[in-house]
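**Student:**
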Amino acid sequence: MKIDAQPFDFPFDPQTIGLVVIDMQRDFCEPGGFGETLGNDVSLLRQIIPTTARLIDAFRTAGRPVIHTRECHRPDLSDLPSAKRDRGAPTLRIGDPGPMGRILIAGEDGADIIPELYPLPGETVIDKPGKGAFYATPFGEVLQRMGLKQLVFAGVTTEVCVQTTMREANDRGYDCLLATDATESYFPAFKQAAIEMITAQGAIVGWATPTDKIVQALNA
Ligand code: TIU
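Structure below.
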């Protein structure tokens, strides 16, 4: 089967396709979290919540896996390189107490997924200390155990954690499709550039298409 996409149709098998929703956490999408401490306007990211919910629903209805990721660190900060904690001049650093608990720390309210897109019981949630979902996590083993071969990507931010994970997955042999209206950046120009970088040179990293096209194909 195929999904109408850029730069050409995305081939998939309904038995081996899955959805990966990257870092739709309160820390990135709500005021007072990590994204805002870095100087970003988090309201931009909230615009994709309804489309992302529709995409998640389509995978659940089709009986296909939905995997969620969260960028976060252990409470003892043992998985937080000082290079990540100390860089730049954020208003609060990772691990500092903020309005939604300690910034980007596992188990705190801010590090959890936004209520609108909350995982169902039984769905896999991968906590990751880096931008890519493969580094220092069981993500790769989970994909293999699920027998997945094609991955649809949604979430935030397009050019940071989404693009990094797509590149990691592409190098591991997965066909990767980005849902263009279920991903967002704090920088609209960077989102556009990431989509172009991913799809250029004959899908050098992967494919891109709006949620409607993916839902249509899953329902077919
Ligand atoms: N800052 C930014 O754009 N993104 C991140 O720090 N993490 C993710 O993209 N999830």
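For reference, each letter of the sequence shown is one residue, going 1229 to 1448 in my numbering. Even glycine gets a Cβ: it sits at the ideal position worked out from N, Cα and C. Here the structure is a predicted model, which means the values were calculated and not measured.
Confirm the yes/no value for this check: CB of T1411, any heavy atom of ligand 1, distance under 6 Å.
**Tutor:** no
**Student:** Under a Cβ-count criterion, where at least 16 other Cβ atoms within 10 Å of its own Cβ denotes burial, should G1261 be classed as buried or exposed?
**Tutor:** buried
**Student:** Could you tell me if the beta carbon of V1248 falls within a distance shorter than 6 Å of some heavy atom in ligand 1?
**Tutor:** no
**Student:** Just confirm the distance between the C-beta atoms of A1382 and I1277, as a whole number of angstroms; I'd bet it's less than 8 Å.
**Tutor:** With a Cβ gap of about 11 Å, A1382 and I1277 do not count as contacting.
**Student:** Per DSSP, which residues does A1407 bridge with? Please list them.
**Tutor:** T1437
**Student:** For A1339 and chain D, any beta-carbon pair shorter than 7 Å?
**Tutor:** Of the protein chains in this structure there is only one, and it is not chain D.
**Student:** Mind reading off the beta-carbon distance from L1283 to T1439? Whole number of angstroms is fine, and I expect it under 8 Å.
**Tutor:** 5 Å
**Student:** Which residue comes first and which comes last in the beta strand (DSSP E) that contains K1356?
**Tutor:** 1352-1356
**Student:** For ligand 1, is there any heavy atom lying closer than 6 Å to the beta carbon of C1257?
**Tutor:** no
**Student:** Per the DSSP calculation, V1390 is bridged to which residue(s)?
**Tutor:** For V1390, which the question treats as bridged, DSSP gives no partner whatsoever.
**Student:** I'd like the ranges of any beta strand (DSSP E) spanning at least 3 consecutive residues and lying wholly in the region 1293-1320.
**Tutor:** 1294-1299
**Student:** If you reduce the DSSP assignment to three classes, tell me which class R1330 lands in.
**Tutor:** Here DSSP, grouped into helix, strand and coil, assigns R1330 to strand.
**Student:** Is K1230 buried or exposed, if buried means 16 or more other CB atoms sit within 10 Å of its CB?
**Tutor:** That one is exposed.
**Student:** On the CB-based measure, 16 or more other CB atoms within 10 Å of its CB, does G1360 come out buried or exposed?
**Tutor:** With 16 or more Cβ atoms within 10 Å of its Cβ, G1360 is classed as buried.
**Student:** By the three-class DSSP mapping on this structure, what secondary structure does G1383 have?
**Tutor:** G1383: strand per DSSP, three-state reduction.
**Student:** Using 8 Å as the Cβ pair cut-off and three pairs as the minimum, do the region 1233-1245 and the region 1301-1309 touch?
**Tutor:** no
**Student:** Looking only at its chain, what residues have a beta carbon closer than 6 Å to the beta carbon of G1316, apart from the 5 residues adjacent to it on each side?
**Tutor:** none
**Student:** Considering Cα atoms alone, identify which of A1448, L1446, I1442 is closest to Q1234.
**Tutor:** Of the listed residues, the one whose Cα sits closest to Q1234 is I1442.
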